[in-house]
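What follows is a single structure, written as C-alpha cells, with notes after it.
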Amino acid sequence: MMLAPTYHPEARRLLAYATGHADLPLRLMMEAHLSNCSVCTRQVACLSAPGGRVLEAWPEQTPPPDLLDRIWVQVARRQPEAVAGIPLPAALLADLPPPRSWRWRTTFSGGCRVARLLRDESSGSSLFLVHLPPDGRFPFHVHLGDEDSLVLTGGVRLGGRLLEAGDWDHTSPGVEHEARADAHEGCWTLSRLEGRGLRLAGWRGMLQWVMERGL
Ligand SMILES: [Zn+2]
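First residue of the sequence shown: 1, per UniProt numbering; consecutive thereafter.
As C-alpha cells, then:
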C-alpha cells in the first residue's frame with residue numbers, strides 16, 4: 001500500500017471539487033489524490049454532506065448525487081493500476097482520450113516527457129502527464145498561471161520539498177523552480193496548468209514549444 005500523502009490540495013481545491021465546481025483536469029487529479037488520501041476524503045465528505053455547514057452557506061449548490069459513491073470506489077482502489085506502463089488509476093483513464101492518441105514531447109535536456117491529456121475549454125486549464133527518468137529534471141521554469149501537481153509514483157524534489165506518491169503541490173503564478181526526480185525511481189506526475197502555462201527561465205523559452213505547439 002502507498003504511504004499516506006504528506007502534501008495535500010489547498011482548501012479551495014477541495015471545496016471546488018466537493019461542490020461540483022472543479023473543471024475536468026482538477027476533478028481527475030482530485031480523484032487520483034483522494035484514492036490514496038483518507039484525510040482529504042474525510043474533508044470532501046464533510047464539505048459534501050447534505051446540511052453541512054459549507055453547503056448551508058451556498059444553498060443553491062448541490063453536490064453531484066454520485067459523488068460519495070465515486071469517492072469510495074476510488075478509496076477501495078488504493079493502488080494505481082499500471083496501464084501500458086503508465087501508473088494511472090483505471091477510473092481516471094476512462095475519462096481520458098485513449099493513450100494511443102497522446103502526443104508525447106521530450107525536453108531537450110533532462111529526459112523529461114510530457115503529454116497533454118486534455119484541455120478544459122470552459123476554464124482554459126490543461127491536464128498534463130509528466131514522466132521524469134531516474135535523476136531526470138525539468139529545467140527551471142516560471143509559471144504564468146496556477147499549477148497543481150500530483151505525484152503518481154516515485155518522487156521529485158520541487159521548490160525545496162520532496163514530493164512522493166500521492167503528494168500534491170500548488171505553485172502560484174510567477175514562481176520559478178526546477179524539478180528533479182528521485183535518483184532510483186524517477187517519477188510520474190499529473191499537472192494541471194491554468195492560463196498560458198509556463199516558460200523556461202534563462203533558456204530562451206526552450207519550453208515555449210511545449211505549450212505553443214498544441215502539445
Ligand atoms: Zn490529501
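Don't be surprised by glycine CBs; every beta carbon is placed ideally from N, CA and C.
Touching by the beta-carbon criterion (3+ pairs, under 8 Å), the region 158-168 and the region 19-36: yes
Looking at C-beta atoms only, is the number of pairs between the region 184-192 and the region 120-128 that lie closer than 8 Å three or more? yes
May I ask which residues mark the beginning and end of the alpha helix (DSSP H) holding T41? 38-48
Let's test the definition: count the other Cβ atoms within 10 Å of the Cβ of V114 and tell me whether it reaches 16, buried, or not, exposed. buried
Please report the straight-line C-alpha distance between G174 and G159, rounded to a whole angstrom. 13 Å
Sequence-distant residues of the same chain with beta carbon closer than 7 Å to D23, five excluded per side: D120, S122, S123, S125
Once the 5 residues before and after L3 are set aside, which same chain residues still bring their CB inside 8 Å of it? E164, A165, G166
Our contact map puts G111 next to G136 with C-beta atoms below 8 Å; I'd like the distance itself, whole angstroms only. 4 Å
Per-residue burial, R116 [other beta carbons within 10 Å of its own, 16 or more giving buried]: buried
Helix, strand or coil for A11, going by three-state DSSP, please let me know. helix
Nearer than 7 Å: is that true of the beta carbon of P89 relative to any heavy atom of ligand 1? no
Which partner residues does A181 have in the DSSP bridge list? V156
Residue of L132, L152, H21 minimising C-alpha distance to A179: L132
C-beta atoms of L152 and P87 nearer than 8 Å: yes
For D148, collect the residues of the same chain with a Cβ closer than 6 Å to its Cβ; drop the 5 residues on either side in sequence, then sort them by chain order. H170, R192
Give the secondary structure of E31 by DSSP, where H, G and I count as helix, E and B as strand, and everything else as coil. helix
Same chain, Cβ closer than 6 Å to E10, neighbours up to 5 away in sequence not counted: H170
Are there 16 or more other CB atoms within 10 angstroms of the CB of D95, so buried, or fewer, so exposed? exposed
Nearest to P5 by CA position, among R12, S38, C187, R13, is which residue? S38
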